[in-house]
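Going by my numbering, 267 is the number at position 265 of the sequence shown; the sequence numbering is gapless. Let me begin by presenting the structure, written as structure tokens, before commenting on it.
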Amino acid sequence: MVAHIFAPVSAHAKRMRLLAWVLLPLLAVTIVTFLTVGARGDWGFVLELRGRRLAALAMVGFAIAVSTVVFHTITENRILTPSILGFDALFVLIQTVLVFVVGSAALATIPPVAQFVGEVVLMVALSTLLFRWLFGGKRRSLHILVLVGIVCGVLFRSVASFFQRIIDPNEFVVLQDRLFASFNAVDSDLLLIAAVLLAGASYCLWRLRRDLDVLALGRDLATVLGADHRGLVLRLLMIVSVLVSVSTALVGPITFFGLLVASLAYQLTGSHRHAANLPVAVVLAVIALVGGQTILEHVFGLATVLSVIIEFIGGIVFIFLVTRAARP
């Protein structure tokens, strides 16, 4: 890995230029197709409606791709995703408790902005407490963080499952609809708040991109090179929690999508440099989401939801990565 990071940039630069010539036109074609195919009537209305959905797809793709690549670097494991920390399960628990306690009718009267901000704040606050508790002592480690995340995820799912069993059947139908990731109806006010949060997290992360390259060398080498490993990991985990919380609160949980685009980005770049992997993963994520939504609408007639297809393909990739890693 050291050789990859500090190798001459000539071959790497050629590969990145080739990727740019391929991926950027493909991204442009995908966006134009999404905005124009099947459009009828008032173009102003059509572009506004589709533009809002395009922005949601792009933000979610950006947040998931970046958070997954960074999480892989933090954990030094490329088959894990940030959802292992229990974000998806926490989202399900929040939605279940809200519908059970407040009721779907009363919940519909709460402004979407208030719901979105509340969910993001709650998820970020709980993850912050978890991170600071686990990294507050000298013997804390990332392995304990992953184990605690798994335990918390199981706990959240168990509590949510209990409430779902005793909830009113009509309320349960409403709840099921809220639990599936949906890109069809995203409030424009939510997009603005999400864009501000993602921009802030991205700025902080881009300033740490070279530290990420050092962190990818492993804890011992990073410490020898002068990096504050524990402090750096804690800051990166905070950024990941913001990205995942915004994505999940905006459209719902998507577990394996980040693993899918991150793995493909690693294969295409052939590099451990985050200045290469992060942009490629983001472009792939946007192409996959926007292109998948276009095909789903105009080829399959919205016979299913995009998140189901993503989870199916991502699950296959996850199984492949696990079995490949298990080979001697």
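For each residue, glycine too, the CB sits at the ideal point set by N, CA and C.
Whole-number beta carbon distance between residue j and residue i, since they are thought to touch under 8 Å
{"i": "Ser247", "j": "Val122", "result": "5 Å"}
{"i": "Leu95", "j": "Ala162", "result": "4 Å"}
{"i": "Thr98", "j": "Leu147", "result": "About 25 Å; that fails the 8 Å criterion."}
{"i": "Ile86", "j": "Gly151", "result": "5 Å"}
{"i": "Leu199", "j": "Val244", "result": "6 Å"}
{"i": "His300", "j": "Gly40", "result": "6 Å"}
{"i": "Asp189", "j": "Pro255", "result": "That belief does not hold up - the Cβ atoms of Asp189 and Pro255 are roughly 19 Å apart, past 8 Å."}
{"i": "Gly88", "j": "Gly155", "result": "4 Å"}
Chain-order list of residues whose beta-carbon lies under 8 Å from that of residue i (same chain, five-residue window excluded)
{"i": "Ala264", "result": "Ala67, Thr70, Val71, His74, Arg80, Asn279, Ala283"}
{"i": "Phe56", "result": "Just to set this straight, residue 56 is Leu in the shown sequence, not Phe. So the qualifying residues of the chain are Ile33, Phe36, Leu37, Val292."}
{"i": "Leu295", "result": "Checking the sequence shown, residue 295 turns out to be Gln, not Leu. Correct list, in chain order: Phe36, Arg55, Leu59, Phe185, Leu308."}
{"i": "Ile195", "result": "Val115, Phe118, Val119"}
Within-8 Å CB hit, residue i to chain C
{"i": "Val153", "result": "Chain labels in this structure do not include chain C; a single protein chain is all it has."}
Alpha carbon of residue i to alpha carbon of residue j, nearest angstrom
{"i": "Trp45", "j": "Phe314", "result": "35 Å"}
{"i": "Leu193", "j": "Val226", "result": "42 Å"}
{"i": "Leu128", "j": "Phe93", "result": "12 Å"}
{"i": "Leu21", "j": "Arg180", "result": "37 Å"}
{"i": "Leu131", "j": "Ser106", "result": "30 Å"}
{"i": "Asp222", "j": "Arg17", "result": "30 Å"}
{"i": "Val24", "j": "Phe102", "result": "49 Å"}
{"i": "Ile76", "j": "Asp90", "result": "19 Å"}
{"i": "Leu251", "j": "Leu234", "result": "With the sequence shown as reference, residue 251 is identified as Ala, and Leu is not the correct amino acid for it. So the two alpha carbons sit approximately 26 Å from each other."}
{"i": "Pro281", "j": "Trp135", "result": "32 Å"}
{"i": "Ala13", "j": "Ser273", "result": "11 Å"}
{"i": "Gln166", "j": "Leu308", "result": "24 Å"}
{"i": "Glu173", "j": "Trp208", "result": "43 Å"}
{"i": "Val319", "j": "Ile112", "result": "39 Å"}
{"i": "Phe258", "j": "Glu50", "result": "30 Å"}
{"i": "Val104", "j": "Ile168", "result": "14 Å"}
{"i": "Leu238", "j": "Val62", "result": "19 Å"}
{"i": "Phe8", "j": "Leu262", "result": "Residue placement at Phe8 is poorly supported in this model, since its pLDDT is 48, which falls under 50; the coordinates still yield a value, given next. Distance between the alpha carbons of Phe8 and Leu262: 26 Å."}
{"i": "Tyr268", "j": "Arg275", "result": "10 Å"}
{"i": "Phe47", "j": "Ala65", "result": "27 Å"}
{"i": "Arg159", "j": "Gly43", "result": "45 Å"}
{"i": "Gln117", "j": "Ile321", "result": "35 Å"}
{"i": "Cys206", "j": "His145", "result": "25 Å"}
{"i": "Arg212", "j": "Asp170", "result": "52 Å"}
{"i": "Ser2", "j": "Gly228", "result": "As displayed, the chain neither begins before 3 nor continues past 330, which places residue 2 out of reach and without an answer."}
Sequence-distant residues of its chain with Cβ nearer than 7 Å to residue i (five each side left out)
{"i": "Leu224", "result": "A small correction: the amino acid at residue 224 is Ala; Leu does not occupy that position in the sequence shown. Taken in chain order, the residues that qualify are Val216, Leu217, His231."}
{"i": "Leu28", "result": "Ile289"}
{"i": "Gly220", "result": "Glu78"}
{"i": "Arg52", "result": "Phe36, Leu37"}
{"i": "Ala197", "result": "Met61"}
{"i": "Val126", "result": "Ser243, Val244, Ser247"}
Residues of its chain near residue i, where Cβ-Cβ distance is below 6 Å and the 5 sequence neighbours each way are ignored
{"i": "Thr271", "result": "Ala278, Asn279, Val282"}
{"i": "Leu124", "result": "none"}
{"i": "Leu266", "result": "Leu286"}
Where are the beta strand (DSSP E) runs, 3 residues long or more, that stay fully inside the region 20-90, in chain order?
-> none
Kindly provide the ranges of any beta strand (DSSP E) runs that are 3 or more residues long and lie completely inside the region 187-249, ordered along the chain.
-> none
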